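Protein chains in written order, with the working numbering: chain A, 9 to 340; chain B, 56 to 401. Worksheet: one structure, shown below.
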Amino acid sequence: MKNDTITTNGFRLGNLFQAQYGLIWVALLMVAVFAVSSDVFRTAGNLLEILRQSGILAIMVIGLTWIVATGEIDVSFADIAAFTGIVTAVLLKAGFSWGITFIVAALLGTVFGVISGFLVVYFKFPALIATLAVSGIAKSLASLMGKGAVIHITKAEGLVYQLVYGNVFGMPLLFIVTLSIYLICRYLQDRTTAGQHLYALGDNRQATQEAGIKEGKILMSLFILSALLASIGGILLTATVSSGNPKIGASYFLDGLTVVFLGAMIIKAGQPNVIGTLIGVIILSTLGNGLTLLGEYFFVGNIVKGLLLVFGVVVVTFTRYKKRIGGQYSIA
Amino acid sequence: MTDKKGPSISDTLKSIAIFVMMIAVIIIIFSLVEDKFLTARNLKMLLRHMSISALTALGLTYVIILGHYDMSFYMVGCFAAMTTSYLNKMDIMMDSFMIGSIHSFVIPAVLAGIAVGCAWGLISGIAVGFLKMNDMVTTIGVGFIAFGTAYLYSKGSFIYDNFLTSGITEINNADWFYVPFPIVLMLGLYLISYLILSRSKFGRNFYATGSNRIAAIFSGVRVVPYIIVAFVICSGLTSLAAIMTTSAQGVGNVKASINFLMPAYAAVYIGISVFKKATVIGTFFGALFTSVMLNGFTLMAMPFYLSDLIIAVSLIIAIILSKIDWTSIQKKNPIPGSGSEIAYEK
Numbered sequence: 009m010k011n012d013t014i015t016t017n018g019f020r021l022g023n024l025f026q027a028q029y030g031l032i033w034v035a036l037l038m039v040a041v042f043a044v045s046s047d048v049f050r051t052a053g054n055l056l057e058i059l060r061q062s063g064i065l066a067i068m069v070i071g072l073t074w075i076v077a078t079g080e081i082d083v084s085f086a087d088i089a090a091f092t093g094i095v096t097a098v099l100l101k102a103g104f105s106w107g108i109t110f111i112v113a114a115l116l117g118t119v120f121g122v123i124s125g126f127l128v129v130y131f132k133f134p135a136l137i138a139t140l141a142v143s144g145i146a147k148s149l150a151s152l153m154g155k156g157a158v159i160h161i162t163k164a165e166g167l168v169y170q171l172v173y174g175n176v177f178g179m180p181l182l183f184i185v186t187l188s189i190y191l192i193c194r195y196l197q198d199r200t201t202a203g204q205h206l207y208a209l210g211d212n213r214q215a216t217q218e219a220g221i222k223e224g225k226i227l228m229s230l231f232i233l234s235a236l237l238a239s240i241g242g243i244l245l246t247a248t249v250s251s252g253n254p255k256i257g258a259s260y261f262l263d264g265l266t267v268v269f270l271g272a273m274i275i276k277a278g279q280p281n282v283i284g285t286l287i288g289v290i291i292l293s294t295l296g297n298g299l300t301l302l303g304e305y306f307f308v309g310n311i312v313k314g315l316l317l318v319f320g321v322v323v324v325t326f327t328r329y330k331k332r333i334g335g336q337y338s339i340a
Numbered sequence: 056m057t058d059k060k061g062p063s064i065s066d067t068l069k070s071i072a073i074f075v076m077m078i079a080v081i082i083i084i085f086s087l088v089e090d091k092f093l094t095a096r097n098l099k100m101l102l103r104h105m106s107i108s109a110l111t112a113l114g115l116t117y118v119i120i121l122g123h124y125d126m127s128f129y130m131v132g133c134f135a136a137m138t139t140s141y142l143n144k145m146d147i148m149m150d151s152f153m154i155g156s157i158h159s160f161v162i163p164a165v166l167a168g169i170a171v172g173c174a175w176g177l178i179s180g181i182a183v184g185f186l187k188m189n190d191m192v193t194t195i196g197v198g199f200i201a202f203g204t205a206y207l208y209s210k211g212s213f214i215y216d217n218f219l220t221s222g223i224t225e226i227n228n229a230d231w232f233y234v235p236f237p238i239v240l241m242l243g244l245y246l247i248s249y250l251i252l253s254r255s256k257f258g259r260n261f262y263a264t265g266s267n268r269i270a271a272i273f274s275g276v277r278v279v280p281y282i283i284v285a286f287v288i289c290s291g292l293t294s295l296a297a298i299m300t301t302s303a304q305g306v307g308n309v310k311a312s313i314n315f316l317m318p319a320y321a322a323v324y325i326g327i328s329v330f331k332k333a334t335v336i337g338t339f340f341g342a343l344f345t346s347v348m349l350n351g352f353t354l355m356a357m358p359f360y361l362s363d364l365i366i367a368v369s370l371i372i373a374i375i376l377s378k379i380d381w382t383s384i385q386k387k388n389p390i391p392g393s394g395s396e397i398a399y400e401k
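Here's what the structure looks like:
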């Protein structure tokens, strides 16, 4: 892989006009259009709200980003989040404190990651099938706990309230936490051996096996990590909306995959990376927020998201052709 | 004659025997637990329910054989169902006449629904086959666009108009010689697909493209048309299934086929777990297997939201059982279409 953008840290202004930054320009254009056409959109309060809303989805999809980077896929994260959301609601209703609830729900959600990892690593399931099955189980169990209905809880208090609603120096605390997590992950991804192994796995599975990289161990930990982060996302979601909804997975499922694939088109041109994902999440939140403020139907958002995805793939595919790397473009 | 690699008849028969045994055991258990299970009425209902997931899975089989994934078909189906509902409402023919018990405008409405479904498949197919774009991302994008545009017909509300009078519900209700039409349709399409994929040169090229694309290209197989055709068939059959669901529900619903993803993949991969590769017969038995499970548990008053659990658990058990080395001679083979194979293909 001679793609210099993977390892170099050098940042040149000229790079901004390369194809891999195309989506950022589209995003800026989108913000400009929204800002001109909506008074409410351009207020500072609304822009900060967008950042706050991005936080939960952003936490949910870090694990997914890395799983896709290794050439596998995880479609269970959204339903795991729905499951932990319900568990959180049930436990809180039963009178447990937020601390215990948080730990129990996160652990229960992580079990699903262990199952997916086990199926993929030991039984050689295709990742799509394993995680599809696991997501079916998580979704059903979530519905089972609330008999298919939404469980309402009282508003979060104390530390959790501060986390989802609080501000620090005028910035939403949730976004600051998310940003710090992403910066740590950026370091792990680009500056550690494990991070390089991720991309090696995605690039050439055979070569990594022959180089003695422990493929199973990496995949297993990634599925567990993905489930854990999805669980935390689900718990925070329940805290934000004060209810647990077994069907919430459906809306996060496609959004999550979209941000990861959109993010893959930014910065590393074809490879999922955490910073790209974060930008993708912010783009998607901005889109949803702006379209709502303009009074558009929500399905317009779906069409625009789809167009963005296809546009992104086209750009990446054709830059690759130009670079004569050729072949199928390398994610998933 | 004793070529181990080739699909010999006895291997197929052995796999079918395994499936028949599995399904027979389940049927016996269910009929012991629930009296109503083994009645003609229930079996008819079972097959009618199966026909929808089976048709979706049949389309998906074509894509999986090629080693690709399609994540758009269930959203494309929603678009097709809405198109048919809309055309059915609009009554596009000026002087409609009756054909049997249905109005003449229903037929173009249904055909148009399947055609627009195929058009979405064509877009995915060209993107994946000709432009070599990544299958998963492209199909998710295309699916998103299809699902979003499906809302344009009615802004997301149900379409009731003309449903009870135009005779569109006959697609689901009609009987052909005492056999419900969906079942006839399913069996017919499975027979055609079996002849195409297992008994023709066209089908062998499909398998060649799927198992080793480079070798297929050097053997003179033009792989791109096969990929495009597979995606078109997948979307087309899903559209048909979605239209059948719509006609069964008696209302144009924008989420007609939104739950098709899981049963379709489950049917195909349960088939693969027994047949070791994606086949028409395997998919058929996979769909039958999941439908029998669902039907049995539904009769035992299982809440509807547990159906995914049943399908998921049967899928996991089927694949795990197939991975256990019963003979301890056979080497473990990765399932075709698994991530590792795709990773090698460039």
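Backbone N, C-alpha and C define an ideal beta-carbon position, used for all residues, glycine too. Quick caveat: nothing in here was measured; it's all calculated off a predicted structure.
Rounded C-alpha distance that separates residue i from residue j
| i | j | result |
| --- | --- | --- |
| residue 342 of chain A | residue 49 of chain A | Within the shown structure, residues of chain A are numbered from 9 to 340, placing residue 342 of chain A beyond reach of any answer. |
| residue 122 of chain B | residue 71 of chain A | 25 Å |
| residue 94 of chain A | residue 252 of chain A | 5 Å |
| residue 174 of chain A | residue 183 of chain A | 10 Å |
| residue 244 of chain B | residue 110 of chain A | 51 Å |
| residue 130 of chain A | residue 373 of chain B | 15 Å |
| residue 377 of chain B | residue 348 of chain B | 19 Å |
| residue 99 of chain A | residue 86 of chain A | 20 Å |
| residue 68 of chain A | residue 309 of chain A | 20 Å |
| residue 210 of chain B | residue 196 of chain B | 21 Å |
| residue 226 of chain B | residue 296 of chain B | 11 Å |
| residue 237 of chain B | residue 110 of chain B | 10 Å |
| residue 112 of chain A | residue 92 of chain A | 9 Å |
| residue 393 of chain B | residue 90 of chain B | Reliability fails at residue 393 of chain B, whose pLDDT of 45 lies under 50, so the model's placement of it is uncertain and no value is given. |
Buried or exposed (CB count within 10 angstroms, at least 16 for buried), residue i
| i | result |
| --- | --- |
| residue 60 of chain A | buried |
| residue 190 of chain A | buried |
| residue 261 of chain A | buried |
| residue 158 of chain B | buried |
| residue 180 of chain A | buried |
| residue 85 of chain B | buried |
| residue 80 of chain A | buried |
| residue 33 of chain A | exposed |
| residue 268 of chain B | buried |
| residue 153 of chain B | exposed |
| residue 197 of chain A | buried |
| residue 106 of chain A | buried |
| residue 353 of chain B | buried |
| residue 68 of chain B | exposed |
| residue 203 of chain A | buried |
Residues from the stretch 193-223 of chain B in contact with chain A, defined by Cβ distance under 9 Å: 193, 195, 196, 197, 198, 199, 200, 201, 202, 203, 204, 205, 206, 207, 210 and 211
Contained alpha helix (DSSP H) runs [length at least 4] in the stretch 76-156 of chain A, N- to C-terminal order: 85-101, 106-130 and 135-153
Contacting positions in the stretch 232-257 of chain A - beta carbon closer than 7 Å to chain B: Cβ contacts with chain B: none found.
Interface residues of the stretch 72-90 of chain A facing chain B [CB-CB below 8 Å]: 79, 80 and 81
Selection of the stretch 176-191 of chain B by Cβ proximity to chain A, strictly under 7 Å: 186, 187, 188, 189 and 191
Cβ-based contacts, 8 Å cut-off: residues of the stretch 103-114 of chain B near chain A: none
Inside the stretch 193-243 of chain A only - alpha helix (DSSP H) runs reaching at least 4 residues: 201-211 and 213-218
Inter-stretch contact at 8 Å, needing at least 3 Cβ pairs: the stretch 66-86 of chain A / the stretch 273-290 of chain A: yes
Meets three-Cβ-pair contact criterion under 8 Å: the stretch 277-295 of chain B and the stretch 340-350 of chain B: Result no; under three Cβ-Cβ pairs closer than 8 Å.
Every unbroken alpha helix (DSSP H) inside the stretch 23-68 of chain A [4 residues or more]: Here the runs fully enclosed are 30-45 and 52-68.
Cβ contact check for the stretch 229-239 of chain A and the stretch 116-132 of chain A: 3 or more pairs under 8 Å: Yes: at least three Cβ pairs fall under 8 Å.
Members of the stretch 306-320 of chain B that neighbour chain A once the beta carbon cut-off is set at 9 Å: 309, 313, 316, 317 and 320
Residues of the stretch 273-286 of chain A whose Cβ lies closer than 8 Å to any Cβ of chain B, in chain order: none
Residues of the stretch 105-129 of chain A with Cβ closer than 9 Å to any Cβ of chain B, in chain order: 123, 127 and 128
Cβ contact (3+ pairs, closer than 8 Å) linking the stretch 296-304 of chain B and the stretch 310-323 of chain A: With a cut-off of 8 Å, the stretch 310-323 of chain A and the stretch 296-304 of chain B do not count as touching, because too few Cβ pairs lie within range.
Complete runs of the alpha helix (DSSP H) confined to the stretch 244-320 of chain A [at least 4 residues]: 257-272 and 282-301
Any alpha helix (DSSP H) of 4 or more consecutive residues that is wholly inside the stretch 71-120 of chain B: 95-120
4-residue-minimum alpha helix (DSSP H) runs that sit fully inside the stretch 116-182 of chain B, ordered along the chain: 128-145 and 161-180
Residues, ordered as in the chain, of the stretch 115-132 of chain B that lie near chain A by beta-carbon distance below 7 Å: 124
The stretch 358-367 of chain B touching the stretch 133-148 of chain A, judged by at least three CB pairs closer than 8 Å: yes
Touch test, the stretch 250-268 of chain B against the stretch 175-187 of chain B, Cβ-Cβ under 8 Å, three pairs minimum: no
Near-chain A residues of the stretch 330-353 of chain B - C-beta to any C-beta below 9 Å: none
Short-range partners of chain B found in the stretch 300-314 of chain A, where Cβ spacing is below 9 Å: 305, 306, 307, 308, 309, 310, 311, 312, 313 and 314
Alpha helix (DSSP H) runs contained entirely in the stretch 261-320 of chain B, provided each spans 4 or more residues: 268-273 and 278-304
Alpha helix (DSSP H) segments (min. 4 residues) lying fully within the stretch 215-244 of chain B: 225-228
Residues of the stretch 197-215 of chain A with Cβ closer than 9 Å to any Cβ of chain B, in chain order: 209, 210, 211, 212, 213 and 214
Positions along the stretch 352-367 of chain B whose CB lies within less than 9 Å of some CB in chain A: 358, 359, 360, 361, 362, 363, 364, 365, 366 and 367
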